[in-house]
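Undergrad: For the sequence shown, the numbering used here gives the first residue as 26, with consecutive numbering after it.
For each residue, glycine too, the CB sits at the ideal point set by N, CA and C.
Small disclaimer: the values here were computed from a predicted structure and weren't measured.
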Amino acid sequence: MKSHQQQADLVKRAKLKIFAKLVLFLLIPASGFAADLPDLELKSKGKPPSAILKIKKSSAVPSYEFHKASGKSIPRLDIGEESEFEFKVVPLQLPSAPTVSNLSPPKNGPPPKRPSPKPFEVKNSTLLISPVKPAQALVTEKGIQQIPEIKTLKEIPEPQPQATDPRPVNLINFKPQDYKLLEGLIFLEAQKNHDMALAYFAELSEDKEFRTEALYHYSRAAQARGLNTEVRAALLKVAQTSQLKEWKFLAAQALAENIALFDVSNLKEIDPLVQAMEIDISNNDAYNFYRAKYYLEIGNLGQVEDALTLIPEKSPYFNDSLLISALFNYRQGKIESAIIPLLELLKRAPREENIRSVGAMTLARLQFQKGLYKEAYQTYLEVNKSHALWLQAMVEQAWSQILTQDYEGAAGNMFSLHTDFFKNAYNPESYTVRTVGYLNLCQFGDAAQALNNMGRRYGPTYGRLETFMTTKRTQTSTRPYDNCLKIPICERSMAYPDPLSLNLQDIRVSSMPKNT
Numbered sequence: 026m027k028s029h030q031q032q033a034d035l036v037k038r039a040k041l042k043i044f045a046k047l048v049l050f051l052l053i054p055a056s057g058f059a060a061d062l063p064d065l066e067l068k069s070k071g072k073p074p075s076a077i078l079k080i081k082k083s084s085a086v087p088s089y090e091f092h093k094a095s096g097k098s099i100p101r102l103d104i105g106e107e108s109e110f111e112f113k114v115v116p117l118q119l120p121s122a123p124t125v126s127n128l129s130p131p132k133n134g135p136p137p138k139r140p141s142p143k144p145f146e147v148k149n150s151t152l153l154i155s156p157v158k159p160a161q162a163l164v165t166e167k168g169i170q171q172i173p174e175i176k177t178l179k180e181i182p183e184p185q186p187q188a189t190d191p192r193p194v195n196l197i198n199f200k201p202q203d204y205k206l207l208e209g210l211i212f213l214e215a216q217k218n219h220d221m222a223l224a225y226f227a228e229l230s231e232d233k234e235f236r237t238e239a240l241y242h243y244s245r246a247a248q249a250r251g252l253n254t255e256v257r258a259a260l261l262k263v264a265q266t267s268q269l270k271e272w273k274f275l276a277a278q279a280l281a282e283n284i285a286l287f288d289v290s291n292l293k294e295i296d297p298l299v300q301a302m303e304i305d306i307s308n309n310d311a312y313n314f315y316r317a318k319y320y321l322e323i324g325n326l327g328q329v330e331d332a333l334t335l336i337p338e339k340s341p342y343f344n345d346s347l348l349i350s351a352l353f354n355y356r357q358g359k360i361e362s363a364i365i366p367l368l369e370l371l372k373r374a375p376r377e378e379n380i381r382s383v384g385a386m387t388l389a390r391l392q393f394q395k396g397l398y399k400e401a402y403q404t405y406l407e408v409n410k411s412h413a414l415w416l417q418a419m420v421e422q423a424w425s426q427i428l429t430q431d432y433e434g435a436a437g438n439m440f441s442l443h444t445d446f447f448k449n450a451y452n453p454e455s456y457t458v459r460t461v462g463y464l465n466l467c468q469f470g471d472a473a474q475a476l477n478n479m480g481r482r483y484g485p486t487y488g489r490l491e492t493f494m495t496t497k498r499t500q501t502s503t504r505p506y507d508n509c510l511k512i513p514i515c516e517r518s519m520a521y522p523d524p525l526s527l528n529l530q531d532i533r534v535s536s537m538p539k540n541t
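(1) Given the structure, does L178 come close to the ligand MG, in the sense that its CB is under 6 Å from one of the ligand's heavy atoms?
(2) Any chance you could list the alpha helix (DSSP H) runs of at least 4 consecutive residues sitting entirely within the stretch 421-507, in chain order?
(3) Fully enclosed by the stretch 200-281, which alpha helix (DSSP H) runs are 4 residues long or longer?
(4) With DSSP as the reference, label L370 as helix, strand or coil.
(5) What are the partner residues of L67, as DSSP defines its beta bridges?
(6) Excluding the 5 residues preceding and the 5 following R373 in the sequence, name in chain order all residues of the same chain whose CB lies nearer than 7 Å to its CB.
(7) Kindly identify the DSSP beta-bridge partner or partners of K167.
(8) Closest to A401 by CA distance: which of I427, Q170, S411 and L207 is it?
(9) Smallest Cα separation from N477: which of P453, N309 and V383?
(10) Given a threshold of 16 other Cβ atoms within 10 Å of its Cβ, counted over all protein chains shown, does A33 qualify as buried or as exposed?
(11) Look at the alpha carbon of R38 and the alpha carbon of K113, and state the distance between them as a whole number of angstroms.
(12) Note down, in chain order, each residue of its chain lying with its Cβ closer than 7 Å to the Cβ of P593, except the 5 sequence neighbours on either side.
(13) Please state if the CB of A311 and the CB of I284 are separated by a distance shorter than 7 Å.
(14) Using 10 angstroms around the beta-carbon of D431, count the other beta-carbons present and answer buried if the total reaches 16, otherwise exposed.
(15) Look at the Cβ atom of N313, then the Cβ atom of I336, and state whether they are nearer than 7 Å.
(16) Only counting the same chain, and skipping five residues up and downstream in sequence, which positions put a Cβ closer than 6 Å to that of Y456?
(17) I'd like the ranges of any alpha helix (DSSP H) spanning at least 4 consecutive residues and lying wholly in the stretch 390-418.
(18) Which stretch, first to last residue, makes up the alpha helix (DSSP H) that contains I295?
(19) Can you tell me where the alpha helix (DSSP H) holding L348 begins and where it ends?
(20) Roughly how many angstroms separate the alpha carbons of V289 and G488, rounded to a whole number?
(21) Between the Cα of T334 and the Cα atoms of S307, L348, G324 and Y319, which residue gives the shortest distance?
(22) Thinking C-beta only, is M302 closer than 7 Å to A277?
(23) Is the beta carbon of L414 sitting closer than 7 Å to the one on V408?
(24) Using a Cβ-Cβ cutoff of less than 8 Å, which residues in the same chain neighbour I380 once the five nearest sequence positions on both sides are dropped?
(25) On the criterion of 16 or more Cβ atoms from any shown chain inside 10 Å, does F493 qualify as buried, or is it exposed?
(26) Could you say if the stretch 209-223 and the stretch 237-255 meet the contact criterion of at least three C-beta pairs nearer than 8 Å?
(27) What does a CB cutoff of less than 6 Å around G434 pick up in its chain, not counting 5 residues either side in sequence?
(28) Give the secondary structure of K72 by DSSP, where H, G and I count as helix, E and B as strand, and everything else as coil.
(29) What's the C-alpha gap between Q216 and G209?
(30) Hey, would you say V383 sits closer than 7 Å to A423, going by beta carbons?
(31) Applying the criterion that 16 or more other CB atoms from any shown protein chain within 10 Å of the CB defines a buried residue, is N462 buried or exposed?
(32) To the nearest angstrom, how far is it from the Cα of E282 to the Cα of S340?
(33) Quick check on S155: does DSSP put it in helix, strand or coil?
(34) Taking 7 Å as the threshold (C-beta atoms), are F212 and R257 in contact?
(35) Where does the unbroken alpha helix (DSSP H) through K143 begin, and where does it stop?
(36) Could you have a look at K37 and say whether DSSP puts it in helix, strand or coil?
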């Protein structure tokens, strides 16, 4: 009997034989094919191609010679037919399957016996189980007693529905003024057309019913256009004349928040309104600075101290508050205490800031007053040359030089102020300082020449002042020129409205002849 492997080889060879015949069937031409492969039978015999077809030497494909078939119809293409073959199916002769009895014993004899594995011995030590601890009490009687008692909620009564009234309610109809107010708000808030908003609110302000609300919104539009005087006037009118507390509060709050747009003197009307409406100004540094400055001008030192304590060190108004603090101490006769904040101001403020020049001018005058002329001379140099107080600082610096017996330096500095570069500056006191310096140097001719130069330059001005005093004198004002000479130069050149330096107005007026 053949083994199972031998039978598998026979099947494999039979498959290869069939595959080879199929390959030959595809590759070998039909002629003589049946003779070579006896398993194939001829199913139908083929037909040769038409005799008219010609086969060229250059190609094995039959074709017509169309160039010779002129005047004749083109015949149908007849290339013949190939022979068809059919494969004979021969049943495969497979050997019978082997039986167990036919299997030959192994060549090396019976398989060796393998020993059984040793039994696994479990040690008693590995099976020891630790004793279980007794259960812990999570809640004790004492803990239960400490649990707060939850009170029962009150019973909510069942809602009692009320009878509805299906009758219609009259709606409030808009007046023409309401539509104008709405249009003005649209121009103000949505379209940012502040000119049109001003026109609407100005027209509505003449109506008694809509006057309060129209004036308030009028101030908002005026603020957007930079009309600060109109803002103040409208808000003051609302705060003073409105019958509704809500509008009075809004107007006073707007005045406090926009205090930087107004003058310090306006606090005379604004601060009583802010205090009456109890507006919170603890975090409003600008308002506290204006309060301190205003009350310092009118001599209410208690209010000055309260306002200064509310200005923090990081505030942009802190440097200005240092100057106010120095003047506050000076008004009380505390000169040493007044010098301390001024020294801090010179350390903190940049040199180009106007407040630093005003602080340096004030500090130098305090040192001059105490007789510290050398220190005052150095402090006057801290005044910025681009500041409006620089010329006055140079004159006062020359006085400190004279008191330290530096007559040449004083006369020389004043001589430089009399050059053509300063020909448009009004500074008659510089001629006086120069004359005093020449007198102490025994240069009497130069002293007389300096006085003559002052007379030629400022004599006409003195005559015009006399005429002005004669024509403008009134019963209510004994010095009518005060309002005209109230530090106009500083107000034009400084962001600080009026320099709060010591006796600055008196010094300006003292440069005129004494009989004025």
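TA: Judging by the given coordinates:
(1) Ligands are entirely absent from the displayed structure, and the ligand MG is therefore not among its contents.
(2) 432-442, 454-465 and 469-497
(3) 201-210, 219-229, 236-249 and 253-266
(4) In this structure, L370 counts as helix in the three-state DSSP scheme.
(5) F110
(6) N344
(7) DSSP, once it has assigned bridges, lists no residue as partnering K167.
(8) I427
(9) P453
(10) exposed
(11) 18 Å
(12) There is no way to answer for residue 593, as the model of the chain reaches only from 26 to 541.
(13) yes
(14) buried
(15) Contact: yes.
(16) A475 and M479
(17) 398-405
(18) That run of the alpha helix (DSSP H) goes L292 to A301.
(19) Boundaries of the alpha helix (DSSP H) harbouring L348: F343 to R356, taken from the DSSP string.
(20) 35 Å
(21) For the options S307, L348, G324 and Y319, the alpha carbon positioned closest to that of T334 is the one of S307.
(22) yes
(23) yes
(24) N344, D345, L348, L370, A374 and Y521
(25) exposed
(26) yes
(27) Q426
(28) strand
(29) 10 Å
(30) no
(31) In the sequence as displayed, the identity of residue 462 is Gly instead of Asn. Buried is the call here.
(32) 15 Å
(33) coil
(34) no
(35) That residue, K143, is in no alpha helix (DSSP H); it is neither H nor E in DSSP.
(36) helix
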